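Everything on this sheet refers to the single structure shown next.
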Amino acid sequence: MANGQFLTYVGTASGATTLYAPVAFNNAYGGYATGMGIENVGASTATVTITYSGQVGSATATQTYTETFTVPVGGYVGDYNGRTDANPVVNPLPDQFHGSATITSTQPLVEIVNEIQTGQVPGTSYNTFASGSRVVRLPLVENALNGFSTGMAVENVGSGTATVTITYADPSTGNQVGTSNASPLTLAPGQFAGIYQGPGGDGGVPSGTRATATLTASGTGVQLAVIVNQRSNSSFMSYISQVVGP
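If you read the sequence shown in the numbering used here, its first letter stands for residue 1476, the second for the next number, and so on.
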C-alpha cells in the first residue's frame, strides 16, 4: 500500500518457464499502464524473454514487441510498461499499446502484474497464468450497475487459432441474457481481445444489470486465459478466470 493505493495478489507454490499475462498496457484506454514483478525461483540465472501482442491506439493491426533480460537466482525484476527510461529494463511498448504478454524463461519464474491509471488512486493486481483452458467461467460481470462496469481481457494461450464464444446468464435464474457484439472472437496464438461491458462497450450484458459469463474456445490446441477488471469512479478490482475443462 502506498499513496492511497492498495493492491493484493496470491502467493505461488511453484514456478513455470512459460507464463501468460492477458493484460499489458502502456498509457492505454485513458492512461492505464501495467508493471510486472518477476522472480526467478530456479537454480541458475534466468534469461527471460517477453513477447507482447496487441494493438496501438485505435489501429486494428496486431503488432508484436519483445524484450530480453536476465534475473539472478532468487532475484526480482520490476518491469514497468509505462516507463520511458531503461531502469531496470527497456520498455519496448509504444504509447497507447494494449495487448497481452507471453513470458518465456530458461528457469522457472513466478510473476504478478499491477495495473494503474495515471492520475488516479485505485490500482489492481493479478497473477499470471502457467496454462489456460478451453472453457472458462466468470462469476461476475456488470454493466453500469451501482457504478461498476466490467472489462474482460482474453488471451489465446494455446498453439492453434481459437474461435471464442461468449454467453451470459442471469445470476438469479441461470437463463441466458444479452448478446456480445464481440462474439465470436477469432484469436491467433498469443493474441489478445479486450471486451468492455460499460457504456459504449461491446460486452452485451444489459445496462444496469450483472451476469455470469462463460467463454468457450474451439479449435486444435486452443486454451484461454482471462482477466476481469471491475471499475468504478473510486474502485478498481480484478480477478482471474475459473477453469472448467482442459
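Every residue gets a Cβ at the ideal spot worked out from N, C-alpha and C, and that includes glycine. Just so you know, these numbers come straight off a predicted model, no measurement behind them.
7 Å CB neighbourhood of residue 1565 in its chain, flanking five on each side removed = 1542
Roughly how many angstroms separate the alpha carbons of residue 1533 and residue 1518, rounded to a whole number?
-> 43 Å
Could you name the residues of the same chain whose beta carbon sits closer than 6 Å to that of residue 1500, not counting the 5 residues immediately before and after it, in chain order?
-> 1507, 1508, 1509 and 1573
Taking the Cβ atom as the reference point for each residue, do residue 1689 and residue 1659 lie within a distance shorter than 8 Å?
-> no
How far does the beta strand (DSSP E) with residue 1602 in it reach, from first residue to last?
-> 1598 to 1602
Sequence-distant residues of its chain with Cβ nearer than 7 Å to residue 1707 (five each side left out) = 1622 and 1623
Run through DSSP, which three-state label would residue 1571 get?
-> coil
How far does the beta strand (DSSP E) with residue 1554 in it reach, from first residue to last?
-> 1551 to 1555
With DSSP as the reference, label residue 1618 as helix, strand or coil.
-> strand
Validate contact between the stretch 1647 to 1667 and the stretch 1599 to 1611 using beta carbons, cut 8 Å, 3 pairs | no
DSSP-derived helix/strand/coil call for residue 1626 | strand
Length of the line joining the Cα atoms of residue 1679 and residue 1550 | 43 Å
With a 10 Å radius around its C-beta and 16 neighbouring C-beta atoms as the bar for buried, classify residue 1547 as buried or exposed.
-> exposed
Going along the chain, which residues of its own chain have a beta-carbon closer than 8 Å to the beta-carbon of residue 1567, five neighbours each way excluded?
-> 1527, 1540, 1541 and 1542
Residue 1683 burial status per 10 Å Cβ neighbour count (16 or more: buried) | exposed
Which word fits residue 1497, buried or exposed, when buried means at least 16 other C-beta atoms lie within 10 angstroms of its C-beta?
-> buried
Are there 16 or more other CB atoms within 10 angstroms of the CB of residue 1647, so buried, or fewer, so exposed?
-> exposed
Per DSSP, which one or two residues make a beta bridge with residue 1528?
-> 1539 and 1575
So is residue 1536 buried or exposed if we call it buried at 16+ other beta carbons inside 10 Å?
-> exposed
Host beta strand (DSSP E) of residue 1501 (start-end) = 1491 to 1501
Work out the CA separation of residue 1577 and residue 1553 for me, nearest whole Å.
-> 16 Å
Would you identify the three-state DSSP class for residue 1705, choosing helix, strand or coil?
-> strand
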